[in-house]
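Heads up: the sequence shown begins at 135 in our numbering, then just goes up one per residue.
Quick reminder that beta carbons are idealized off the backbone N, C-alpha and C, glycines included.
It should be emphasised that the depicted structure is a prediction, and the values quoted were computed from it without experimental measurement.
Worksheet: one structure, shown below.
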Amino acid sequence: MRKQGLFIGHAGKKGKGVFTKKPIAKNTLIEVAPVIILETSDRKEVEKTKLFYYIFEWGEDAKQGVIALGYVSMYNHESPSNCEYEMDYEAETIAIRTMRDIEAGEELTINYSAGWDDWKPVWFSEDKKQKKEK
135 MRKQGLFIGH AGKKGKGVFT KKPIAKNTLI EVAPVIILET SDRKEVEKTK
185 LFYYIFEWGE DAKQGVIALG YVSMYNHESP SNCEYEMDYE AETIAIRTMR
235 DIEAGEELTI NYSAGWDDWK PVWFSEDKKQ KKEK
């Protein structure tokens, strides 16, 4: 299930991202997508590829990974974000919900490392890259 009006577009330096053609109200469920579960050994192999940037940690111990279908893996990171993702381990899905009103043409984002309104650096941030290089 995906809300009508969502599309993949150019998101500047971030590459591609998810955008909306129409305004969306706060607390709207905009997508529910099935996932492909990667066992721990499969996840380690996938992490050696470009897909590393598109998988989600999965399971109570976060040792598994998943590739989310639909647009879910295309939402870019922002902290705080304007959407939140919700994992349903039993149904094997990830849902995306808006956390505030979204304007037409706006990019929809999720926070990769914490709650939607938290700030915590992610592994690919400029701060972390600079610290790693020192």
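Between M208 and K150, the C-beta gap is smaller than 7 Å, which places the two residues in contact. At the C-beta level, G143 and K155 stay beyond 7 Å of one another.
For E212, no beta strand (DSSP E) run applies, since DSSP gives it neither H nor E. DSSP places T227 inside the beta strand (DSSP E), whose first and last residues are T227 to T232. If you check the CB distance, N210 and A145 come in under 7 Å.
When only Cα atoms are considered, E237 and R231 end up about 15 Å apart. Under DSSP, E191 takes part in a beta bridge, and its partners are G199.
Residue pairing by DSSP places D176 in no beta bridge whatsoever.
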